[in-house]
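Student:
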DNA sequence: GCGTCGATGGCA
DNA sequence: GCCATCGACGCG
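Numbering (the numbering used here), first residue to last: 130 to 297.
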């Protein structure tokens with residue numbers, strides 16, 4: 130599952146000649162149109178279009194009138210799956226990335242990055258760590274109590290050793 | 001330390 | 001009307 134593999138992966142953000150690095154420590158999987166917590170369960174719309182595109186691209190949406198959220202499209206093209214990046218540890222700089230809203234704000238990620246291919250080097254991309262296996266804990270997703278039985282699914286992945294989680 | 005609530009705008 | 005959030009506030 131991509132959401133699990135992304136724990137420990139580095140996110141690279143380049144703005145001008147500046148580069149900021151962050152280690153992903155918390156993710157959530159939204160597994161397709163049948164998942165009532167997933168935006169793709171509302172069908173294919175202008176907003177969710179990139180969710181149905183190829184994996185590895187950014188799906189960035191705006192919510193609560195003030196926050197952008199970074200997701201990474203997952204699964205086969207057309208499957209409508211995505212992974213929400215909920216928290217990360219800044220590497221080589223100081224910031225609080227312990228929540229999806231804060232993470233996007235601090236990394237200057239907005240809908241301007243929607244659809245970006247994150248698998249190739251550019252203004253925003255992923256860098257897979259060379260090695261290392263870490264313990265990963267599964268738990269319930271946050272903020273989706275409306276999603277009927279899907280709210281119980283253990284689709285949140287965390288590195289329990291991190292101090293940058295949005296919640297334990 | 002907790003729970004509650006307002007901000008703020010795009011979306012269906 | 002609701003929302004994959006955050007931060008401020010009141011409590012005692």
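The beta carbon of each residue, even a glycine, is placed where N, CA and C say it ideally should be. Every value quoted in this text rests on a predicted model; they were computed, and no experiment measured them.
Ordered along the chain, which non-local residues of its own chain (more than five positions away) have a Cβ less than 6 Å from that of residue 131?
Tutor: Within the first chain, numbered from 1, the residue matching residue 131 stands at position 2. Same-chain partners within the cutoff: 203, 212.
Student: State the start and end residues of the unbroken alpha helix (DSSP H) segment that holds residue 233.
Tutor: If you number the first chain from 1, residue 233 lands on position 104. Its alpha helix (DSSP H) spans residues 229-235.
Student: Report the rounded CA-to-CA distance for residue 263 versus residue 218, giving the unit in angstroms.
Tutor: What you label residue 263 is simply residue 134 of the first chain in a count that begins at 1. What you label residue 218 is simply residue 89 of the first chain in a count that begins at 1. Near 15 Å, if we compare the C-alpha coordinates of residue 218 and residue 263.
Student: Name the DSSP beta bridge partners of residue 196, please?
Tutor: Residue 196 sits at position 67 when you count from the first residue of the first chain. 192.
Student: Once you ignore the five residues that flank residue 289 on each side, which residues in its own chain have a CB closer than 7 Å to its CB?
Tutor: Along the first chain, read from residue 1 onward, the residue named residue 289 stands at position 160. Once the five neighbours on either side are set aside, the close Cβ partners of residue 289 are 264, 266.
Student: Quick check: is any heavy atom of the ligand SAM less than 8 Å from the C-beta of residue 142?
Tutor: Judged by which ligands are present, the structure shown has none, so any question about the ligand SAM falls away.
Student: From what residue to what residue does the alpha helix (DSSP H) around residue 276 run?
Tutor: Taking the first residue of the first chain as 1, we reach residue 276 at position 147. Taken as a continuous stretch (DSSP letters only), residue 276 belongs to no alpha helix (DSSP H), as it is neither H nor E.
Student: For the alpha helix (DSSP H) that residue 131 lies in, which residues bound it at each end?
Tutor: Translated into the one-based positions of the first chain, residue 131 becomes position 2. Looking at the DSSP string, the run of the alpha helix (DSSP H) that includes residue 131 is 131-134.
Student: Just list the residues that DSSP pairs residue 158 with in beta bridges.
Tutor: Residue numbering aside, residue 158 sits at position 29 when the first chain is read from its first letter. Bridge partners of residue 158: 212.
Student: Could you tell me which residues DSSP pairs with residue 203 in its beta bridges?
Tutor: Counting from one through the first chain, the residue named residue 203 turns up at place 74. Residue 203 pairs with 210.
Student: Taking the C-alpha atoms as reference points, what is the distance between residue 280 and residue 155?
Tutor: In the first chain, the residue the question calls residue 280 occupies position 151. In the first chain, the residue the question calls residue 155 occupies position 26. Looking at the two C-alpha atoms, the distance is approximately 17 Å.
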